[in-house]
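Below: one structure, written as structure tokens.
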Amino acid sequence: MTYADASSAIRSPVQACLEQLHARLADLTAGQVATYIPELAKVDPALFGIVIATVDGRLYEVGDTRVPFTLQSISKPLVYGVALEDQGTERVHRAVGVEPSGEAFNAISLEPGTGRPMNPMINAGAIACSSLVAGASAQARRARVLDAISAYAGRPLAIDEAVFESERATGHRNRAIGHMLRNYGIIEDDPELALDLYFQQCSVQVDCRDLALIAATLANGGVNPLTARRAVRAEYITAILSVMTTCGVYDFTGGWVFNVGLPAKSGVGGGVLAVLPGQLGIGVFSPALDERGNSVRGVQVCETLSSELALHFLQPPRPSAATVRARYTLAEVRSKRRRGDAERRVLDEHGRRAAVYELQGDLRFSTIEQVVREITEAAPAGLDFAVLDFKRVSHADQAATRLLAQLVGYGAAHGLNLVLTRVRRGELLAAFGNELDPQCARSVSFQPQLDLGLEWCERGLLQRHGAAGMAGTAGARCSLAEHGLCAGMSPADLALLQACVEPHQFDAGMPILRRGDPGDALYLLLRGEVSVTVELPGGGHKRLSTLTAGMSFGELALVNGGLRSADVRADTQVECCALPTTALARLEAERPSLMIRLLHNLLANATLTAVQLTAEVAALEA
Ligand code: GLN
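Heads up, the sequence shown is in my numbering, so the first residue is 28 and it goes up one at a time.
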């Protein structure tokens, strides 16, 4: 059996859960289909479908999920969104409130004094919203609404003209509400126009799968997970979900929030949708309604799914991982710039004054607060630098960028420098730009690599705590006698060595060694800087080390004469001398004592590197 066969034979556990639930509730025959709209009375009460859609676009369906029915009141939150987009929050809320009414969906009650409907989920509020849809003609407004709802569902939807005509011909109660709204000046023009649009939006034909996708679009910040098309501006999602939470199932809202705990909307067509923000949408279709006009099975499905899958929105998941995935100081982990003894001693002593926080996941108030707290508590105890690495940060919301910008301000006032590494270009960087006080810009540095951020801190520590000029010794030249590999050699050995080496010069930017070249010489750096890098599989380079005068590279030549494992390039004007493997072999035979000295010095270097790498591994594993 191939893998594909196996996966189609095994049912998804989520699918299995839904099927069991569907089978259990199919026996529930309580409730009546709506009859006050004659066309709705024709529907088969046995129909029953459930769909779950995740925000990443996975659908689980069971039962009658492709049978068309009309949206009815489920159109209300969507058209409320259209009104908000077309007129802005202030204008819309002059026409309709956001208070739960605790009354039936078709109650004829308006706020005393203002005549405003209590909220956009009861008919009065919804009709007021329909009157606010923008468009030069009735046709244009109808198209605007149909297009918006289609964007939520992710496919072009149509109006069930029979249901529309049926409700239009019999909807006297809604007509009364419309004219009352006109009387109070809530509707400013002909109420029949708003009523027609309202009856049309209620008659938009969907299936259960559409409902789940509409819900998932609301869960996904307004973007349909399958088409990636935006149905409503992100800034209105919270408003829409709020009124769904407090008013979505009319006079059953308290019980619904208590038992289900998901923003939801029902319609007398038999549909119910529920939204778990950021995660999923649920659509249920079952036309038999309870006395409040909510689908009997729809309520049961949502209650059961909420409790069995722990979806209640007041039972939020704990943050899945710590925001700080690794924390260490420069006492343990250094940049890849190799340091001489004097600099190393300064960094050993003061390295704990620079702390690194590798962050991960979503940064929002609750996660960044811990980091900001830790840094501000550490600062008075002698923290000069804080590096925040963003490599694994998936998102930072406005609260997080604001707190980080405040932290920069705190740093400016307390002598703490902030280094933000690997912050992705684009939105996040722009958000920082907007929040940062330009006066404090000098106390923050953005570095494209963590390694460069560490080096930036080292330079700062050396400037503050090192001997004057220590951080800027790159230009100094050392003679062969002063070179680290020649430490402890006699004048005679030095003279012999001098005779074997070949001098080389490189301009800044020139390649010196390339990965894959034969390892035929050891190099002693006498002036300038070189960097050793490897190419990363995904493109780009990683620095393994930066070396200065008195250091060496290409040691591999001594060991096995194999191929170069990394690239070496001159960062500045470079002077070095090469000791070819042929000369090394001759020295080994003619002057073993010199060779022992050389190997001894190389081993001392290698040991230092090993010690540093060990500390790094230990710090990263801690
Ligand atoms: N069109 C229906 C009405 O206005 C919508 C009511 C509903 O779905 N609750 O009566």
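Every residue gets a Cβ at the ideal spot worked out from N, C-alpha and C, and that includes glycine. Just so it is clear, the structure is predicted and the values come from calculations on it, not from any experiment.
I need the DSSP call for residue i, collapsed to helix, strand or coil.
i      : result
Pro545 : strand
Cys505 : coil
Ile176 : helix
Glu359 : coil
Val351 : strand
Ser366 : First, the residue type needs correcting, since residue 366 is Arg and not Ser in the sequence shown. Coil at Arg366, not helix or strand.
Asn25  : Residue coverage of the chain in this structure runs from 28 to 649, which leaves residue 25 outside it and unanswerable.
Ser572 : strand
Ala185 : strand
Gly205 : helix
Gly510 : Correcting the residue identity first, residue 510 is His in this sequence and not Gly. Three-state DSSP puts His510 in coil, outside helix and strand.
Arg596 : strand
Ala498 : In this prediction, Ala498 has a pLDDT of 49, which is less than 50 and means its spatial position is unreliable; what the coordinates show is noted afterwards. In this structure, Ala498 counts as helix in the three-state DSSP scheme.
Gln306 : coil
Tyr87  : strand
Gly2   : Residue 2 cannot be examined here, being either before or after the span of the chain that is shown, 28 to 649.
Phe412 : strand
Ala301 : strand
Tyr263 : helix
Pro607 : strand
Thr272 : helix
Ile135 : coil
Glu396 : helix
Given a cut-off of 8 Å, decide if residue j and residue i are closer than it, judged by their beta-carbon atoms.
i      : j      : result
Thr521 : Cys527 : Per the sequence presented here, residue 521 reads as Leu, with Thr not at that position. Cβ distance not < 8 Å, so Leu521 and Cys527 don't count as in contact.
Ala381 : Phe412 : yes
Gly581 : Leu540 : yes
Cys156 : Ala110 : yes
Val450 : Leu456 : yes
Ile149 : Ala242 : no
Gln99  : Gly305 : no
Pro95  : Gln227 : no
Gln525 : Val601 : no
Leu316 : Ala61  : yes
Glu138 : Gly124 : yes
Gly543 : Ala584 : no
Glu359 : Ala646 : yes
Arg365 : Leu574 : yes
Arg93  : Arg236 : yes
His492 : Val373 : yes
Leu445 : Ser421 : no
Leu549 : Leu611 : yes
Ala427 : Leu390 : yes
Val299 : Gly320 : no
Glu46  : Val89  : yes
Kindly give me the distance between the Cβ atoms of residue i and residue j, rounded to whole angstroms, as I take these residues to be in contact under 8 Å.
i      : j      : result
Ser333 : Val287 : 5 Å
Ile135 : Ala203 : 6 Å
Cys603 : Leu563 : Contact doesn't hold; Cβ gap of about 26 Å is too wide.
Ser322 : Gly282 : Going by Cβ atoms, the distance from Ser322 to Gly282 rounds to 15 Å, so no, they are not a contact pair.
Ala576 : Arg596 : Ala576 to Arg596, Cβ: 16 Å. No contact.
Should residue i go down as buried or exposed, given a rule of 16 or more other Cβ atoms within 10 Å for buried?
i      : result
Gln387 : buried
Met207 : buried
Glu66  : buried
Phe312 : buried
His49  : buried
Gln466 : exposed
Ser517 : exposed
Met578 : buried
Pro144 : buried
Asn251 : buried
Pro104 : buried
Met28  : At Met28, the pLDDT of 37 sits below 50, so the modelled position is not reliable; the number obtained from the coordinates is stated separately. Met28 is exposed by the Cβ-count criterion.
Tyr63  : exposed
Glu335 : exposed
Arg591 : buried
His441 : exposed
Leu630 : exposed
His199 : exposed
Met537 : exposed
Phe285 : exposed
Leu640 : exposed
Gln342 : exposed
Glu556 : buried
Lys363 : buried
Exercise. In chain order, what are the residues with a CB under 6 Å from some non-hydrogen atom of ligand 1?
Worked result: Gln99, Ser100, Phe132, Asn133, Asn150, Glu194, Asn201, Cys229, Gly294, Val295 and Gly320
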